[in-house]
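Protein sequence lines correspond, in order, to chains A and B. For the first sequence, the working numbering begins at 981 and goes up steadily by one. For the second sequence, the working numbering begins at 981 and goes up steadily by one. Note that CB positions come from ideal geometry on N, CA and C, so glycine has one too. All figures in this text were calculated on a predicted structure; none of them were measured in a lab. Read the structure below first, then the notes.
2 protein chains.
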Amino acid sequence: MNNLTKRQAEIFNFVKDEIENNGYPPTRSEISKMFGFKSPNAAEDHLKALQRKGVLDIAAGTSRGITLSAESTGIPVVGLVSAGGPILAEQNIEKTIPNNPGILAHGVDFYLKVKGDSMIEVGIFENDLIAINQKMPVKVGNIVVARINDEVTVKTLNKISDNLVVLKPENSSYSEIEINPKKDNLVFEGTCVGLLRDFS
Amino acid sequence: MNNLTKRQAEIFNFVKDEIENNGYPPTRSEISKMFGFKSPNAAEDHLKALQRKGVLDIAAGTSRGITLSAESTGIPVVGLVSAGGPILAEQNIEKTIPNNPGILAHGVDFYLKVKGDSMIEVGIFENDLIAINQKMPVKVGNIVVARINDEVTVKTLNKISDNLVVLKPENSSYSEIEINPKKDNLVFEGTCVGLLRDFS
DNA sequence: TCTAATACTGTATATAATTACAGTTATGAA
DNA sequence: TTCATAACTGTAATTATATACAGTATTAGA
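In structure tokens:
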């Protein structure tokens, strides 16, 4: 998010949660009640700040006229880039697509656009979007997004130990990748929790 | 929907669209303005009727406190059943999942849970949910949901003419299905516009 | 045929909600 | 130090909104 203060982030998250849980945005009073403000103007000030910072849109003279701005809504879609740096860096984000809570069993932190055919035997095809959860512990048997020396790849995790990690492509014409995490720089970016394909 | 009158359906759809487009529900005045009512009470009456019929929930004393009820939100997921009757009949609906406008390029009328392996070569696997659009014209080359004499199947449409329709499984161990629409009862239930897979 | 439900108009009012203005205190940057 | 920003309190006013009550005309079902 766009350098919100801690407090602003709290307010923002409350607004977001209220929209998600209630189906409509909160009023200034409801925000104030939640945070113990004695004046609705405290909430008003925060909303204005959040609007200034571009994460909220506020319709004037409209009760509950708060919406999340385009930037703050949506889940980023990143390409399978080989470059270094954080996978969610701005320059990697191709677009964002609306959040869809409740469709997949696990939370989705970002979507990764698949390149290549190394996973076709489990039905992951080029240009599919795979939904990635960054917080789940990586587990043998799961499909993971791994970064090996700044190269990002999607494979099934087949073995994980102190000095050997085995990543298995799901395509019999490719061979397994063996990594020694002590020698090579290996980072797990997340676990694949879903797949989205758009036929068009 | 639950036997709404034509007018009630119009109001309902307006409320639904407003929530989708604005991010928050309309007021009675806004509804009245839209439909040309000279009294906000006309809207109030309709909302009460929609609440009585179970398609809306209304929070008392709350501005814009309108939410779509669980039944009226969400897209149905149906199993690939062989039984006759409409595919979206209540007994076929396994569950509903939240609507996710904007993720797929085309509208989704329902999701179909895939059985079998006849489409694995295009990455459609057993238990995948394929997103179906019922309104798009069926086109050669697209993946379609077809009902042949009360049996529902998912295949690529390879040829369509007055007396021959060819459906092609995307798995080399299966053979093409040739249907004479004049002899066999063939109905296209829709076109596959997306795919959703939950790894869990 | 009677009755309930539908689909409104018209009026009115309490209250829900936005939002401006005037302050206070604390903090970090110029 | 000075100034802008953040994070509030407190008050108040306008307006946005929900919602009741009293009607009327039409339609659909029992």
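From the beta carbon of residue i, is the nearest beta carbon of chain A less than 8 angstroms away?
i                : result
S1153 of chain B : no
T1047 of chain B : yes
S1012 of chain B : no
S1062 of chain B : A caution first: S1062 of chain B carries a pLDDT of 48, below 50, which makes its placement in the model unreliable, though a value can still be read off. Answer no: the Cβ-Cβ gap between S1062 of chain B and chain A never drops below 8 angstroms.
G1059 of chain B : no
G1174 of chain B : yes
Relative to the C-alpha of residue i, which residue among the options is closest?
i                : options                               : result
T1171 of chain A : A:G1096, A:F1179 and A:A1085          : A:A1085
L1147 of chain B : B:D1130, B:S1153 and B:L1137          : B:L1137
L1048 of chain B : B:N993, B:I1157 and B:N1129           : B:N993
T1042 of chain A : A:P1005, A:L1068 and A:A989           : A:P1005
A1039 of chain B : A:N1129, A:N1122 and A:G1003          : A:G1003
L1144 of chain A : A:I1159, A:K1093 and A:V1173          : A:I1159
I1067 of chain A : A:N983, A:S1153 and A:T1133           : A:T1133
I1100 of chain A : A:D1130, A:V1094, A:M1116 and A:E1150 : A:E1150
I1123 of chain B : B:I1046, B:E1169, B:D1037 and B:L1030 : B:E1169
V1118 of chain A : A:K1162, A:I1104, A:K1093 and A:S1141 : A:S1141
L1030 of chain A : A:G1016, A:V995 and A:M1014           : A:V995
K1033 of chain B : B:N983, B:E1074 and B:V1102           : B:N983
D997 of chain A  : A:T985, A:E1024, A:S1155 and A:I1046  : A:I1046
From the DSSP output, read off the bridge partner residues of residue i.
i                : result
N1113 of chain A : A:T1171
D1025 of chain A : Bridge partners of D1025 of chain A: none, in fact.
V1120 of chain A : Beta-bridge pairing links V1120 of chain A to no other residue.
I999 of chain B  : DSSP output for I999 of chain B lists no bridge partner at all.
L1176 of chain B : A:L1176 and B:L1109
T1047 of chain A : A:D1037
F1017 of chain A : DSSP, once it has assigned bridges, lists no residue as partnering F1017 of chain A.
Going along the chain, which residues of its own chain have a beta-carbon closer than 8 angstroms to the beta-carbon of residue i, five neighbours each way excluded?
i                : result
Y1091 of chain A : I1055, P1056, V1057, V1058, I1077, L1109, I1110, A1111, I1112 and L1176
H1026 of chain B : R987, Q988, I991 and I1011
R1044 of chain B : Y1004, P1005, P1006 and T1007
K1139 of chain A : V1120, V1145 and V1146
Closer than 6 angstroms by C-beta to residue i: which residues in its own chain qualify, once you throw out the five before and the five after it? Chain order, please.
i                : result
S1052 of chain A : V1035
P1020 of chain A : R1008, S1009 and S1012
V1088 of chain A : I1055 and A1111
Q1071 of chain A : none
V1167 of chain A : R1127
Need the endpoints of the alpha helix (DSSP H) that residue i sits in, please.
i                : result
D1037 of chain A : D1037 of chain A -> not in any alpha helix (DSSP H); beta strand (DSSP E) instead, spanning L1036 to I1038.
E1156 of chain B : Note, E1156 of chain B: premise wrong, no alpha helix (DSSP H); not H, not E.
Determine the extent of the beta strand (DSSP E) in which residue i is found, giving its start and end residues.
i                : result
K1135 of chain A : E1131 to I1140
I1055 of chain B : I1055 to G1059
I1100 of chain A : Neither: I1100 of chain A is in no beta strand (DSSP E) and is coded neither H nor E.
E1074 of chain A : I1073 to I1077
V1088 of chain B : Unbroken run through V1088 of chain B: none, as it is neither H nor E.
Apart from the five residues on each side of it in sequence, which residues of its chain come closer than 7 angstroms, Cβ to Cβ, to residue i?
i                : result
A1022 of chain B : S1012
K1095 of chain A : L1060 and E1106
Does chain B have any CB closer than 8 angstroms to the CB of residue i?
i                : result
D1182 of chain A : This structure gives no information on residue 1182 of chain A, because the portion of chain A shown stretches from 981 to 1180.
D1178 of chain A : yes
G1096 of chain A : no
G1170 of chain A : no
M981 of chain A  : A caution first: M981 of chain A carries a pLDDT of 47, below 50, which makes its placement in the model unreliable, though a value can still be read off. False, the Cβ-Cβ gap to chain B never drops below 8 angstroms.
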